[in-house]
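Residue numbers (UniProt numbering): 1 to 131.
Okay, structure coming up:
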């Protein structure tokens, strides 16, 4: 949800992603949408969509209680005016844990029952990319 972009579902994705973030990660996420490179500006609101395909993932232990996930993924960016596509290859590295006792509203608990919490988030675009 965090890396995809579909304008009609943007608000729902924006709100849902925040339910899974720690306060610091959430601040960074909100700053992304407030900046000049906000996805809705980059993709010109509804002019493009971005589909994400996971190419590989690896989960390892980290400093308790966190674990580390490294995800390699492809963004397929579609220009809706002519249906043309281009692909970008990215790596995401994030730490996470589950906290079933995490304080949440009832609505948030329905979305994130086990209290899954992302505690750090970093993405890097691959220079060369490719499958």
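Glycine is no exception: its CB is placed at the ideal position from the N, C-alpha and C atoms.
In its chain, beyond the 5 residues on either side, 18 have a beta carbon closer than 7 Å to the beta carbon of residue 26.
Pairwise C-beta distances place the region 105 to 119 in contact with the region 7 to 22, as three or more of them are shorter than 8 Å. In this structure, residue 29 sits near residue 21, with a CB-CB distance shorter than 7 Å.
Note that the C-beta distance between residue 97 and residue 66 is below 7 Å. If you look at residue 78, you'll find it in the beta strand (DSSP E) that goes 67 to 79.
Within the region 81 to 129, the runs of alpha helix (DSSP H) at least 4 residues long that lie entirely inside it are, in chain order, 106 to 111. In the DSSP assignment, the residues bridged to residue 50 are 5, 77.
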